[in-house]
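Below is one structure, written out as structure tokens, with a few remarks after it.
Residue numbers (full-length UniProt numbering): 1 to 219.
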């Protein structure tokens, strides 16, 4: 029985014969030429479907194992970190770049986080959401690290999850600047990565207590 092929960025499908891949599209923002290339490659290799994912990627579904290397070569795009113990998706709303509701430049901040952390090994899977306003289109309250723009800066929350046992994130800081957000996220991820735990961030925080966690990361 076939399984995932993480070295090829491929996830085995229900038939246990075909695979899906998800090219990395930071923030889900893509230009027309890249979108056309994805469609052309999918058609060339007989993909069953293209699927817009909740992580702002476009998955190419139903590929043969023997075609995977050529598919990636033709795409010329890095794989998205869709599996494994690492920083998975960084979900980003359009922010002040495009959206009239936005209070902060979530797209700019989210892309900086994506460039630095996407795919970085972690004790468990870790997801980040960056929203430009309290409408929370990037779902920061159910992300391991959630960042929400307000008129007074960014609010930062930790420990959210939409897993089998959902957990709402705890707000640990308010009114942060972009630079302060970047500094706090770095402290959180460094501490978590070196903690020795194998738990997801929310369960790790529950085990030690929120106030102790805040003290350890300097909040």
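We put the beta carbon where it would ideally sit given N, CA and C, even for glycine.
Below 8 Å between beta carbons: does that hold for residue 83 and residue 60?
Position 83 of the chain shown, counted from the first residue, corresponds to residue 83. Position 60 of the chain shown, counted from the first residue, corresponds to residue 60. The answer is no: Cβ separation not under 8 Å.
Assuming residue 138 contacts residue 93 (C-beta within less than 8 Å), just tell me the rounded distance between them.
Taking the first residue of the chain shown as 1, we reach residue 138 at position 138. Taking the first residue of the chain shown as 1, we reach residue 93 at position 93. About 5 Å; that satisfies the 8 Å criterion.
Going by the beta-carbon positions, is the gap between residue 13 and residue 76 smaller than 8 Å?
Within the chain shown, numbered from 1, the residue matching residue 13 stands at position 13. Within the chain shown, numbered from 1, the residue matching residue 76 stands at position 76. Contact flag unset, no.
What is the DSSP secondary structure of residue 23, counted as helix, strand or coil?
Counted from its first residue, the chain shown places residue 23 at position 23. Strand, per DSSP.
Count Cβ pairs between the stretch 161-170 and the stretch 125-142 that sit closer than 8 Å; are there 3 or more?
Segments in contact, yes.
For residue 42, name the three-state secondary structure that DSSP assigns.
Here the question's residue 42 lines up with position 42 in the chain shown. DSSP places residue 42 in helix when its eight states are reduced to three.
Can you find the residues in the same chain that come closer than 8 Å, C-beta to C-beta, to residue 122, ignoring five residues on each side of it along the sequence?
Looking up residue 122 in the chain shown gives position 122. Only 85, 86, 87, 189, 192, 193 meet the Cβ criterion.
To which residues does DSSP link residue 142 through a beta bridge?
Walking along the chain shown from the start, residue 142 turns up at place 142. Note: residue 142 sits in no beta bridge, so no partner.
Rank 177, 44, 35, 98 by C-alpha distance to the C-alpha of residue 155 and give the top, closest one.
Numbered from 1 along the chain shown, position 155 holds the residue referred to as residue 155. Here the closest residue by C-alpha is 177.
Whose C-alpha, out of 3, 42, 160, 24, is nearest the C-alpha of residue 71?
Within the chain shown, the letter at position 71 stands for residue 71. Per the Cα distances, 42.
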